[in-house]
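In terms of our numbering, the sequence shown opens at residue 454 and continues consecutively. We put the beta carbon where it would ideally sit given N, CA and C, even for glycine. Only one structure is covered here, and it is reproduced in the block below.
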Amino acid sequence: MRAVFVVSVHDVAPWSFARSRRWLADLDDRGVPATLLLVPGAWRGVPLPDDPALVRWLHDARGRGHELALHGYAHQAVPGAPPVRRWLNTVLARGCAEFGALDERAARDRLERGLAALASVGIVPEGFTPPGWLASAGSRAALRGLGLQYTTSHLAVDDLRTGRRHRMPALSHRPGGLGERAGAALMPAAARRWSARGRPFRIALHPADLDRPGLRERALEAVDAALAAGARPCTYAALVRTARGAVP
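Here it is as structure tokens:
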């Protein structure tokens, strides 16, 4: 069975434009379609719609087969989470778990604001990945009725229309954190092994990965290992549509 894998470029915003562009150039060189996770609000700078150069680049990327998806609104955690989720936000999500503690009403408001901001520059996402892959029960409930086709967690991709769950673990780096070196070695090894076994998986790329020596190289080694093993790269949207029996 031929494996499939998704490569996502996280935290695409005006402040990270140069880094996102570098990641996408690496993937374009390999013919790998990516899912770009967009932060539409004012995070570390101006809102995404206020950067015309970034907006043009995103439309061009979409024209080349890359997917544009929603990745929260402000990309910053809000207070009120239970202790376990606060720990996850601090240790794993680096303070970005915006949807980790929201009730349904608050989550819907942020989702609608994010979708409206992107719609104002002609971008209509099919999917949503919560920052840090953390979403409260209220956030998950808020996704219904917004027209989005899927959402993701660290271990799976959930089809919001059919309810089907695609189990796909995500490989990502821990730049500057505990286990950075071990994780960097694990990424290409796991990509190679899972590809050979026909197991679907994901590779997540972040702006901060480019600040640490060797992390970019290990991530690209993982992509190359998957391709060499015959795994097929696709976007999240294509994965979900194909699983439904539609044309990808």
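Exercise for the section: Sort 617, 491 and 618 by Cα distance to residue 569 and report the nearest one. Expected result: In the sequence shown, counting from the first residue as 1, residue 569 sits at position 116. Minimum Cα distance to residue 569 is reached at 491.
Exercise for the section: Identify the continuous alpha helix (DSSP H) that holds residue 670 and give its terminal residues. Expected result: Taking the sequence shown and counting its residues from 1, one reaches residue 670 at position 217. Start and end: 668-681.
Exercise for the section: Specify, as a first and last residue, the run of the alpha helix (DSSP H) that residue 513 falls within. Expected result: Reading the sequence shown from its first residue, position 60 is the one you call residue 513. From DSSP, the alpha helix (DSSP H) with residue 513 extends over 505-516.
Handout entry: Rounded separation between residue 474 and residue 489 - CA only
Key = In the sequence shown, residue 474 corresponds to position 21, counting from 1. In the sequence shown, residue 489 corresponds to position 36, counting from 1. Spanning the two alpha carbons is a distance of roughly 11 Å.
Practice task
Apply the 10 Å Cβ neighbour rule to residue 582 and answer buried if 16 or more other Cβ atoms are within range, or exposed otherwise.
Solution key: Translated into positions along the sequence shown, residue 582 becomes position 129. Classification of residue 582: buried, given that the 10 Å Cβ count is 16 or more.
Handout entry: Buried or exposed (CB count within 10 angstroms, at least 16 for buried), residue 513
Key = For the purposes of this step, residue 513 is identified with residue 60 of the sequence shown, where counting begins at 1. The residue is exposed, with fewer than 16 neighbouring Cβ atoms inside 10 Å.
Practice task
Measuring alpha carbon to alpha carbon, tell me which of 468, 626, 579 and 585 ends up nearest residue 603.
Solution key: Working through the sequence shown from its first residue, we reach residue 603 at position 150. For residue 603, the nearest C-alpha among the options comes from 579.
Problem - Of the residues 470, 458, 476 and 593, the one placed nearest residue 525, counting alpha carbons only - result: Taking the first residue of the sequence shown as 1, we reach residue 525 at position 72. Residue 593 is the option with its Cα nearest to residue 525.
Handout entry: residue 557 to residue 595 span [Cα, whole Å]
Key = Counted from its first residue, the sequence shown places residue 557 at position 104. Counted from its first residue, the sequence shown places residue 595 at position 142. Their Cα atoms are separated by approximately 5 Å.
Problem - residue 671 beta carbon less than 9 Å from that of residue 640 - result: As a position in the sequence shown, residue 640 is number 187, starting the count at 1. As a position in the sequence shown, residue 671 is number 218, starting the count at 1. Yes. Within cutoff.
Handout entry: Sub-9 Å separation of residue 528 and residue 464 beta-carbons
Key = As a first step, residue 528 must be located in the sequence shown, where it is residue number 75. As a first step, residue 464 must be located in the sequence shown, where it is residue number 11. In contact: residue 528 and residue 464 (Cβ atoms closer than 9 Å).
Problem - Residue range of the unbroken alpha helix (DSSP H) whose run includes residue 654 - result: Here residue 654 refers to the residue found at position 201 of the sequence shown. No alpha helix (DSSP H) contains residue 654, which is instead part of the beta strand (DSSP E) from 654-658.
Problem - Cβ shell of residue 678 (< 6 Å), same chain only, five flanking positions each side left out - result: Here residue 678 is taken as the residue at index 225 of the sequence shown, counted from 1. If we look at residue 678 and ignore the five residues flanking it on each side, its Cβ neighbours are 641, 644 and 645.
Handout entry: Classification of residue 688 by the beta-carbon crowding that lies within 10 angstroms, buried from 16 upward
Key = In the sequence shown, residue 688 corresponds to position 235, counting from 1. Under this definition residue 688 is a buried residue.
Problem - Beta-carbon separation (whole angstroms), residue 574 vs residue 508, contact threshold 8 Å - result: Position 121 of the sequence shown, counted from the start, is the residue given in the question as residue 574. Position 55 of the sequence shown, counted from the start, is the residue given in the question as residue 508. Sure, about 5 Å apart at Cβ, within 8 Å.
Handout entry: Assigned exposure category for residue 483 - 16 Cβ within 10 Å defines buried
Key = The residue labelled residue 483 in the question sits at position 30 within the sequence shown. Exposed is the call here.
Handout entry: Collapsed DSSP secondary structure at residue 605 in the structure displayed
Key = Within the sequence shown, numbered from 1, the residue matching residue 605 stands at position 152. The answer is strand: DSSP assigns residue 605 an E or B state.
Exercise for the section: Measure the Cβ-Cβ separation of residue 608 and residue 461 and say whether it is below 9 Å. Expected result: Looking up residue 608 in the sequence shown gives position 155. Looking up residue 461 in the sequence shown gives position 8. No, these two residues do not count as a Cβ contact at 9 Å.
Problem - Cα-Cα separation between residue 668 and residue 628, rounded to whole angstroms - result: Within the sequence shown, the letter at position 215 stands for residue 668. Within the sequence shown, the letter at position 175 stands for residue 628. C-alpha separation (whole angstroms): 8 Å.
Exercise for the section: Within its chain, find whatever has a CB closer than 8 Å to the CB of residue 502; leave out the 5 residues flanking it on each side and keep chain order. Expected result: Position 49 of the sequence shown holds residue 502. Within the same chain, residue 502 has close Cβ partners 493, 508, 570, 571, 573 and 574.
Handout entry: Nearest-angstrom Cα separation, counted from residue 685 out to residue 616
Key = If you number the sequence shown from 1, residue 616 lands on position 163. If you number the sequence shown from 1, residue 685 lands on position 232. The straight-line gap from Cα to Cα measures roughly 24 Å.
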